[in-house]
Amino acid sequence: MPIRAHSPIPTTQMEVTSIRLERELKQRLKALAGNQGYQALIREILWSYVLRHSQGAAALSPEDIRASFPATAHQAQCCALTGRAIQPQEPMLLGWTTDGKFVALSSSCF
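Under this note's numbering, think of the first position of the sequence shown as 16, with each following residue one higher.
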């Protein structure tokens with residue numbers, strides 16, 4: 016499930032930014048984007064990155080988690096639901112998301 020950061024705005028209200036991409040990367044993005052268009056896909060990827068890496072911002076909701084498994088952190092992590100810090104050697108959960116990714120979850124999430 017894509018992460019929606021905000022309401023879509025017309026491209027005429029967006030700033031033009033130039034970015035150089037390898038030809039192969041651009042072709043693969045176009046193939047992945049299909050009818051959505053690769054520029055829209057790139058915007059979605061960038062918003063997802065910003066949300067996932069913003070301090071204290073939770074990028075996922077509990078509905079995005081398919082399953083969770085007990086685990087132990089081997090390095091510092093950040094809970095994908097709450098933004099709470101998870102310290103090394105602390106019990107945690109490994110969440111399997113609806114888009115097939117694994118994310119760190121605080122053991123108090125579920």
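Positions of the beta carbon are idealized from the N, C-alpha and C atoms, including for glycine.
Using the three-state DSSP reduction, which class does residue 95 fall into: helix, strand or coil?
coil
What are the start and end residues of the beta strand (DSSP E) that includes residue 81?
80 to 87
Run through DSSP, which three-state label would residue 20 get?
Low local confidence applies: a pLDDT of 45 at residue 20 is under 50, so the model's placement there is unreliable, with the coordinate-based value given in what follows. Coil at residue 20, not helix or strand.
Classify residue 24 as buried or exposed, calling it buried when 16 or more other Cβ atoms lie within 10 Å of its own Cβ.
exposed
Taking the alpha helix (DSSP H) that residue 36 falls in, what are its first and last residues?
Segment: none, residue 36 is in no alpha helix (DSSP H) and carries neither H nor E.
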